[in-house]
Amino acid sequence: MTDTALESLYAYPRGRTWVTANFVSSADGSVSVDGRSAGLGSPADKKIYLLGRELADVVLVGAGTVLAEGYRGARRATPLPIAVVTARGTLTPDLPLFTDTSVPPIVITTEAARMPPLRADVVIAGEEEVDLNVAVAELAARGLHRIDLEGGPRLFGTMVAEGLVDALNLTLAPVLAVGDASRIAHGPVVPPVDLALESVLREDDVLLLRYRRRDSG
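Sequential numbering from 78 applies to the sequence shown in our numbering.
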């Protein structure tokens, strides 16, 4: 498939705010190897990961993933802000996210968080817990409607519980990663969310699955 066809397949719908989650999982459901999703990566997964960033207005990610994966500013021709969710204020100004970036990140946090001064657009979205509906609304208010949700599992699970995830791009890695790693979504118990399978691509033994929530417009 050509790059143009791939971009068309994975494009965001026009005229509305849309959250697409991007995850990689082992065949037995693990979200990481040795604590990092990179252990499940492949050239095909990296291509979809980078495409997700190329098509998005903003990357949304939890603070735990930022720390575990060593996040820094996104690299692309036009600036791409990283929006980080942290209820406790666990970010420090010396992180690459703040020191190695062309555009200041957006930090979505709470009134109770004890946050040091950061080179960031700080958004208060709740008293002790981040209200993710407010978080998405604040991003949309900034003109950031195409939201690329990159993790981690707790943020993804809570977003699903709040009905805020419209689509899922899931790379299925052809490995068994037995261990105590989390699944891709972890959070409150909610009724199952029905998904429609939009496309299946294969590169070697890697499957690239694209789902849409059935009740998304």
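Here a beta-carbon is modelled for each residue, glycine too, at the ideal position from N, C-alpha and C. These figures come from a predicted structure and were not determined experimentally.
Check	Outcome
With 16 other Cβ atoms within 10 Å as the buried cut-off, status of Ala154	exposed
Candidates Leu286, Asp282 and Leu221: closest to Thr248 by CA position	Leu286
Straight-line Cα distance separating Val138 from Val255	25 Å
Presumed contact (8 Å Cβ cut-off) between Ala238 and Pro269, rounded CB distance	At roughly 12 Å, the Cβ-Cβ gap does not stay under 8 Å, so Ala238 and Pro269 are not in contact.
Supposed contact pair Val207 and Thr187 - C-beta distance, whole angstroms, cut 8 Å	6 Å
Anticipated Cβ contact below 8 Å, Ile183 with Ala197, distance rounded	7 Å
Host beta strand (DSSP E) of Thr225 (start-end)	Rather than Thr, the amino acid found at residue 225 in this sequence is Asp. Arg223 to Gly228 is the extent of the beta strand (DSSP E) around Asp225.
Buried or exposed by the 16-neighbour rule on C-beta atoms within 10 Å, applied to Ser102	buried
Nearest-angstrom Cα separation, counted from Pro120 out to Leu127	11 Å
8 Å CB neighbourhood of Ala217 in its chain, flanking five on each side removed	Thr94
Cα-Cα separation, Arg91 to Leu168	34 Å
Three-way DSSP call (helix, strand, coil) for Ser259 in this model	coil
Close beta carbons around Leu245, own chain, < 6 Å, minus the five adjacent residues each side	Ala98 and Tyr288
Where Ser107 falls, given that 16 or more other Cβ within 10 Å makes a residue buried	buried
Uninterrupted alpha helix (DSSP H) stretches inside the stretch 112-167 (no shorter than 4 residues)	120-132 and 140-146
Nearest residue (CA-CA) to Ile185, options Leu209, Phe175 and Pro170	Leu209
Status (buried if at least 16 other CB within 10 Å, exposed otherwise) for Pro230	buried
Whether Asp134 touches Arg260 by CB criterion (7 Å)	no
Which residues DSSP lists as bridging Asn99, in chain order	Asn246
Unbroken alpha helix (DSSP H) run spanning Ser85, endpoints	Asp80 to Tyr87
Simplified DSSP state of Glu275, which is helix, strand or coil	strand
CB of Ala145 within 7 Å of CB of Thr163, strictly	no
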